[in-house]
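Undergrad: Residue numbers (the numbering used here): 2 to 352. Just so it is clear, CB atoms sit at the ideal spot from N, CA and C, and this is done for glycine as well. Fair warning: this is a prediction, and the values are worked out from it, not measured in the lab.
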Amino acid sequence: MGRRSPASTFVSVVFPEPSAPASLVRHPDPAARRAALRVWDDLTADGRATLLDDPDPGVRRSAALCACPHDAQLTAALLRDPAALLEALRRGLLDRPDAERFLAEDDHLAELAGNPSLPADLVDRLAVHPDDGVRLAVSLRPELTEARRTAIDFVVAPHARGDVDWVAAGIADQDVLHRAATSTHPLLRRAAARSPHLPRGLLRLLARDTDVLVRTHLAVYHPDTPEEVLMSVYARLGGTFSAWMATSHPRFPREGLAARYADHPDGIYRQLAVRDPAAAPDLIERLSHDPDVWTRQAATRDPRLPLPRLLDALALPELASSAGANPALPPHEMAMVMDEAGVPAWRRAHA
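1. On the premise that Glu112 lies in contact with Leu87, defined as a C-beta separation below 8 Å, what is that separation, rounded to the nearest angstrom?
2. By Cβ distance, which residues of its chain are closer than 6 Å to Ala249, with the 5 residues on each side in sequence left out?
3. Hey, Asp82 and Arg102 are a contact pair by Cβ (cut 8 Å); roughly how many whole angstroms apart?
4. Give the secondary structure of Arg49 by DSSP, where H, G and I count as helix, E and B as strand, and everything else as coil.
5. Output the boundary residues of the alpha helix (DSSP H) element that contains Arg126.
6. Starting from the Cα of Ala68, find the closest Cα among Ala85, Gly59, Arg49, Pro58 and give me that residue.
7. Counting Cβ pairs closer than 8 Å, one from the segment 169–183 and one from the segment 128–135, do we hit at least three?
8. Excluding the five sequence neighbours on either side, which residues of its own chain have a C-beta within less than 8 Å of the C-beta of Leu25, listed in chain order?
9. Check whether the Cβ atoms of His179 and Leu203 lie closer than 8 Å to each other.
10. Give me, in chain order, the residues of the same chain whose beta-carbon lies closer than 8 Å to that of Leu311; leave out the 5 immediate sequence neighbours on both sides.
11. Tell me where the alpha helix (DSSP H) around Arg176 begins and ends.
12. Please name the residue, chosen from Pro266, Asp225, Gly268, Asp55, that lies closest to Arg27 on a Cα-to-Cα basis.
13. Return the first residue and the last residue of the alpha helix (DSSP H) that Trp295 is part of.
14. In this structure, how does DSSP classify Ser289 when only helix, strand and coil are distinguished?
15. Mark Val234 as exposed unless 16 or more other C-beta atoms lie within 10 angstroms of its C-beta, in which case mark it buried.
16. Please report the Cβ distance between Ala220 and Leu207, rounded to the nearest whole angstrom; I am assuming they are in contact, meaning their Cβ atoms lie under 8 Å.
17. How big is the Cα-Cα spacing for Arg142 and Val124?
18. Report, in whole angstroms, the separation of the C-beta atoms of Thr296 and Arg276, which I expect to be a contact under 8 Å.
19. In three-state terms, what does DSSP make of Pro200?
20. With DSSP collapsed to three states, give me the class of Ala73.
21. Take Val156 and list the residues in its own chain whose beta-carbon comes closer than 7 Å to its own, dropping the five residues that flank it on each side.
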């Protein structure tokens, strides 16, 4: 499996107090005024009106997109703006003539199919549209019953993330999470699995899900994901993503890994033995000779690796970088490595 970027998760996002964005509404910098749009619902009516009449066209457009779910006139204007068309069509308050026009033109129907204000009879027409993407968009509508949802002939891509607006908006709403997590629709379950607010019952339910992306999202986003799910996702993904998971997930096991995995037939598990704080130096040395290169590199980076083996590893192309990063490498050896690499002394001093 190729390398993957570590996920940035379990990070609390601090939003400004409601009074802070209000002070940005009339800020001279358009970027600051755009920042006020992030908390649109917290702004006063006067603050919103000011942004809707902003001298900067980008700020005005963004403000109109914030307001258009409740304003048909703004939506109609945005539909004439190519830069705003798709988002306005997806979330704005549509007049029926506009909706029928796009339906007749057979254009941008996937966006239209997800619009919350689309009349029910037009939803029914799009539910049987020949385009797979249109039917899929209809199948994700929040007002559908499960029976109605499963009656739609939709196809879900194996690696589709589950970006569903109404689930993301209700990421902490227990009713929304229950509806999504218990749905037969895999994209809704994938969307629910991205919530760190899942109650224990829904967490257990999704941990048993047969959809691999549901379990992967749990492992990435939920701090209480069961260990067996973490381990299965760790083994399946590999690379730097699994390295992130093993070091950063609060539920990932730390103790006893050497006893459990040092002799595992799969190298991705043998790497875990290096992470055990109780792993002995002789085990680290043995793993530095492992058939799996990732395991050898993990062991070579470990400061418990005996010095003779660490020095030998410096001369091996696949281990030299890991050995050079080992904090137990003596300073004079580090200096020799940098000399051979041509790193000037002044750069070392400022490294």
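TA: Considering the structure as presented:
1. 5 Å
2. It should be pointed out that residue 249 corresponds to Ser in this sequence rather than to Ala. For Ser249, where only same-chain residues beyond five positions count, there are no Cβ hits under 6 Å.
3. That pair is no contact at about 16 Å.
4. helix
5. 121–127
6. Arg49
7. no
8. Ala33, Arg34, Ala36, Ala37
9. yes
10. Thr301, Ala324, Asn327, Ala329, Leu330
11. Looking at the sequence shown, residue 176 is not Arg but Asp. Asp176 -> alpha helix (DSSP H) spans 175–182.
12. Asp55
13. 294–302
14. coil
15. buried
16. Contact doesn't hold; Cβ gap of about 11 Å is too wide.
17. 9 Å
18. That pair is no contact at about 11 Å.
19. coil
20. helix
21. Asp133, Leu137
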